[in-house]
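Working notes, beginning with the structure itself.
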Amino acid sequence: MQRIGKNIEKLIVNPLILGDSAFPFRIWLMKPYGHATLSPKENNFNYRLSRARMVTERAFGQLKSRWRILHRRSECEPESVKETALTCVVLHNLCIANGDNLPQHVDLLCNYPKNQRDREKVRKLLQMRSCARTKDSSKAAEAIRAALAEKLWKEKEGGGVV
2 MQRIGKNIEK
12 LIVNPLILGD
22 SAFPFRIWLM
32 KPYGHATLSP
42 KENNFNYRLS
52 RARMVTERAF
62 GQLKSRWRIL
72 HRRSECEPES
82 VKETALTCVV
92 LHNLCIANGD
102 NLPQHVDLLC
112 NYPKNQRDRE
122 KVRKLLQMRS
132 CARTKDSSKA
142 AEAIRAALAE
152 KLWKEKEGGG
162 VV
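Heads up, the sequence shown is in this note's numbering, so the first residue is 2 and it goes up one at a time.
As structure tokens, then:
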């Protein structure tokens, strides 16, 4: 069986879900450093994690903009919800592949005509809730975060991908 993990700072790191400070800290769910005084390396990690999450938030925002069925709570059976969501994703990708871009006036993430919305407005439009922070709770996840922080710091200091 082929492994999909990547060797980062002598540690195998499997694919991760990116979360914010409200999520639990797990080996499969990465969140930013949360203590009061951050080192430059930790600050850099938090910045890069935030940038990566913004890409994901934008993708989900565009998906919800194109397929309004995703705006409301589904009252279907769980299997039907899964099929509906996957159908929306596939159709959305087909639209993009065929150059059918979302008009700016429909895109939740664009402040038509200025072409940008601030983060809080986007979170509100996507009905994202603010949650209380949860304490970091995994030594293995901490090792992964430290390895990623080190790799990203080396990239920043060296001026390129390591």
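For each residue, glycine too, the CB sits at the ideal point set by N, CA and C.
task = Could you name the residues of the same chain whose beta carbon sits closer than 6 angstroms to that of residue 88, not counting the 5 residues immediately before and after it, in chain order?
result = Hits under 6 angstroms: none found.
message = Since residue 19 and residue 31 should fall inside the 8 angstroms C-beta cutoff, what is the C-beta to C-beta distance between them, to a whole number of angstroms?
response = The beta-carbon distance between residue 19 and residue 31, rounded to whole angstroms, is 6 angstroms. This is short enough to meet the 8 angstroms contact definition.
query = DSSP on residue 92, reduced to helix/strand/coil?
reply = Assignment of residue 92 by DSSP, reduced to helix, strand and coil, places it in the helix class.
message = Tell me which residue opens and which closes the alpha helix (DSSP H) that residue 64 is part of.
response = In the DSSP assignment, residue 64 falls within the alpha helix (DSSP H) that extends over 41–67.
request  = Alpha carbon to alpha carbon, how far is residue 100 from residue 47? Give it in angstroms, no decimals.
outcome  = Using only the alpha carbons, I get a separation of about 34 angstroms.
request  = List the DSSP bridge partners of residue 7.
outcome  = Looking at the DSSP assignment, residue 7 forms a beta bridge with 14.
task = Starting from residue 27, follow its DSSP beta bridges and name the residues at the other end.
result = Answer is 30.
request  = Specify, as a first and last residue, the run of the alpha helix (DSSP H) that residue 146 falls within.
outcome  = Residue 146 -> alpha helix (DSSP H) spans 140–159.
message = Please state whether the Cβ-Cβ distance between residue 157 and residue 9 is less than 8 angstroms.
response = In this structure, residue 9 does not lie closer than 8 angstroms to residue 157 by Cβ.
task = Output the distance between the C-alpha atoms of residue 7 and residue 17, rounded to the nearest integer angstrom.
result = Linking residue 7 to residue 17 through their CA atoms gives a straight-line distance of about 11 angstroms.
request  = Please go through the same chain and pick out, in chain order, the residues whose beta-carbon is closer than 6 angstroms to the beta-carbon of residue 53, but skip the five residues on each side of it.
outcome  = Within the same chain, Cβ atoms closer than 6 angstroms to the Cβ of residue 53 are found at 19, the five residues on either side in sequence being excluded.
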